[in-house]
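Have a look at the structure below before the remarks.
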Amino acid sequence: MLWTVLLALLLLLLLQTQLSVCLRELRAGGSPVYSPSSSSSSSSSYNATQQRLPGAIIIGVRKGGTRALLEMLNLHPDVEVAKAEVHYFNVEEHYRRGLAWYRAQMPFSLPGQLTVEKTPGYFATPQVPTRVWDMNPAARLLLIVRDPAERLVSDYTQVLHNRLTRHKPYQPLEELLLHKGHINPGYKALQRSLYHQHLARWLEVFPRKQIHVVDGDALIRDPFPELRKAERFLDLPPKINPDNFYYNSTKGFYCLLSAGHDKCLDESKGRPHAPLSTQALKKLCRYFRKPNKLFFEMVGRSFSWC
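Encoded structure:
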């Protein structure tokens, strides 16, 4: 009887020891610990996802197709994107919160995946290039541009829509664009279309090879060739293919296909532009002729703009 009791106690002790070991293993590595303050993957965690600072940033331009580019890059299995515009480098309140806050806005990603964020306001904000360099001198930058006159009208159209939604008045486009019959250089939407001025500030900080220019007009007409160029620039294996895109004749632009699911950009994309007279458009195109030429020289290519 005594031997039976002792044997039972011994078995109970062994079971308790084994249970303690299992519990320690579960705490140590059974499930990943998500830590927004961590910037690199832990070798002790198998396939652990973490929030990482971006290795690539879509810096602009506003109303140039940044959302479309981000969603298309997100088709790639090695890419994770920040869903919302972060405005870290161009909004002082955000920048003062530091890199830990910025990292916390990023998506969870696996080791080896590329984190991408986009904020089109970065391109035209003077202090941003140095701030991005301080964060990551090796960051890859994507700049998507379109006809600057078309971009200006699209910019105005978005502001107009936002003002009307809030039941606030807004001047007609030509009143903002023209002053006494001449182009008004102080109009902010016009200044955002002076691509050469803004790019010059970035090239004072970053080498040209770290800035990839995407043709926004070509991206709308035929997305795949521009996406393939972006994959090469980002050192990504070619995983995006023509079957990922189909033309939606109702919306008037390409939508995305991935794993049997389709996705179109929201209704604000493809919104009809505010009217601009032929005479005003001609003046605008003449005004952009020299700035466009300077930009073409800086990037080593030309575009079919007005």
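Letter by letter, the sequence shown follows residues -22 to -1, 1 to 284 of mature numbering (1 follows the signal peptide of the UniProt record, and there is no 0).
Where a beta carbon is used, it is the ideal one built from N, C-alpha and C, also for glycine.
Report all residues from its chain with a CB closer than 8 Å to the CB of Ile161; omit the five preceding and five following residues, and keep chain order. In the sequence shown, residue 161 corresponds to position 183, counting from 1. Apart from sequence neighbours up to five positions away, the residues of its chain that approach Ile161 with a beta-carbon distance below 8 Å are Leu155, Leu168, Lys261, Leu262, Tyr265, ordered along the chain.
If you draw a straight line from the alpha carbon of Gln149 to that of Thr103, how long is it in whole angstroms? In the sequence shown, residue 149 corresponds to position 171, counting from 1. In the sequence shown, residue 103 corresponds to position 125, counting from 1. Their Cα atoms are separated by approximately 25 Å.
Could you tell me the distance, in whole angstroms, from the CA atom of Gln175 to the CA atom of Ala26? The residue given as residue 175 occupies position 197 in the sequence shown. The residue given as residue 26 occupies position 48 in the sequence shown. If I take the Cα positions, the gap works out to 43 Å.
Through-space distance from Asp193 to Lys268, alpha-carbon basis: Translated into the one-based positions of the sequence shown, residue 268 becomes position 290. Translated into the one-based positions of the sequence shown, residue 193 becomes position 215. Near 19 Å, if we compare the C-alpha coordinates of Asp193 and Lys268.
The beta strand (DSSP E) spanning Tyr225 covers which residue range? Along the sequence shown, read from residue 1 onward, the residue named residue 225 stands at position 247. Run containing Tyr225: 223 to 226, per the beta strand (DSSP E) assignment.
Please go through the same chain and pick out, in chain order, the residues whose beta-carbon is closer than 8 Å to the beta-carbon of Asn226, but skip the five residues on each side of it. As a working note, residue 226 is residue 248 in the sequence shown. Only Tyr232, Cys233, Cys242 meet the Cβ criterion.
Hey, would you say Ile36 sits closer than 8 Å to Leu48, going by beta carbons? Counting from 1 along the sequence shown, the entry for residue 36 is found at position 58. Counting from 1 along the sequence shown, the entry for residue 48 is found at position 70. Contact flag set, yes.
In three-state terms, what does DSSP make of Leu53? Residue numbering aside, residue 53 sits at position 75 when the sequence shown is read from its first letter. Judged by DSSP in its simplified three-state form, Leu53 adopts coil rather than helix or strand.
Return the chain-ordered list of same chain residues with a C-beta closer than 7 Å to the C-beta of Phe101, the five sequence neighbours on each side being excluded. Numbered from its first residue, the sequence shown carries residue 101 at position 123. Counting only Cβ-Cβ distances below 7 Å, and skipping sequence neighbours, we find Ile37, Gly38, Val39, Leu121, His176.
What's the C-alpha gap between Gln91 and Met84? Stepping through the sequence shown from its first residue, residue 91 is reached at position 113. Stepping through the sequence shown from its first residue, residue 84 is reached at position 106. For the pair Gln91 and Met84, the Cα-to-Cα distance works out to about 13 Å.
Does the distance from the CB of Leu214 to the CB of Phe223 come in under 8 Å? Position 236 of the sequence shown holds residue 214. Position 245 of the sequence shown holds residue 223. In this structure, Leu214 lies away from Phe223, with their beta-carbon atoms at least 8 Å apart.
Proximity of Arg170 and Asp133 at Cβ, strictly below 8 Å: Working through the sequence shown from its first residue, we reach residue 170 at position 192. Working through the sequence shown from its first residue, we reach residue 133 at position 155. Yes. Within cutoff.
What residue range is occupied by the uninterrupted alpha helix (DSSP H) comprising Thr103? Numbered from 1 along the sequence shown, position 125 holds the residue referred to as residue 103. Judged by DSSP secondary structure, Thr103 falls outside any alpha helix (DSSP H); it is assigned neither H nor E.
So does the stretch 179 to 189 actually touch the stretch 103 to 119, counting three or more Cβ pairs closer than 8 Å? Verdict: yes, contact present.
Going along the chain, which unbroken runs of the alpha helix (DSSP H) with 4 or more residues stay wholly within the stretch 144 to 229? Qualifying alpha helix (DSSP H) stretches, in chain order: 151 to 155, 166 to 170, 173 to 181, 194 to 199, 201 to 211.
Going by the CB atoms, is the gap between Lys41 and Arg129 shorter than 8 Å? On the sequence shown, residue 129 is found 151 positions in, with the first residue counted as 1. On the sequence shown, residue 41 is found 63 positions in, with the first residue counted as 1. For the pair Arg129 and Lys41, the CB atoms are nearer than the 8 Å cut-off.
Rounded to whole angstroms, what is the Cα-Cα separation between Ala34 and Leu142? In the sequence shown, the residue the question calls residue 34 occupies position 56. In the sequence shown, the residue the question calls residue 142 occupies position 164. If I take the Cα positions, the gap works out to 35 Å.
Please classify Leu259: does DSSP put it in a helix, a strand, or coil? For this step, residue 259 is matched to residue 281 along the sequence shown. Assignment of Leu259 by DSSP, reduced to helix, strand and coil, places it in the helix class.
Below 8 Å on the Cβ atoms is my guess for Lys217 versus Pro55; work out the distance and round it to an integer in Å. Position 239 of the sequence shown, counted from the start, is the residue given in the question as residue 217. Position 77 of the sequence shown, counted from the start, is the residue given in the question as residue 55. A Cβ-Cβ distance of about 6 Å is found for the pair Lys217 and Pro55, placing them in contact under the 8 Å criterion.
Taking all protein chains shown into account, do 16 or more other C-beta atoms lie within 10 angstroms of the C-beta of Arg282, making it buried, or fewer, making it exposed? As a working note, residue 282 is residue 304 in the sequence shown. Inspection of the sequence shows that residue 282 is occupied by Ser rather than by Arg. Exposed.
As assigned by DSSP and simplified to three states, the class of Phe274: Locating residue 274 in the sequence shown gives position 296, where the first residue counts as 1. Residue state, collapsed to three classes: helix.
Comparing C-alpha positions only, which one of Glu63, Pro185, Val57 sits nearest to Ala208? Your numbering for residue 208 matches position 230 in the sequence shown. Check the Cα spacing between Ala208 and each of Glu63, Pro185, Val57: the tightest is with Val57.
Return the residue from the list Arg206, Tyr165, Leu212, Asp221 that minimises the CA-CA distance to Ala116. Translated into the one-based positions of the sequence shown, residue 116 becomes position 138. Ala116 has its Cα closest to that of Leu212, out of Arg206, Tyr165, Leu212, Asp221.
Restricting to Cα atoms, I'd like to know which of Gly278, Tyr66, Val131 is closest to Lys187. In the sequence shown, counting from the first residue as 1, residue 187 sits at position 209. Of Gly278, Tyr66, Val131, the smallest CA-CA separation from Lys187 is found for Gly278.
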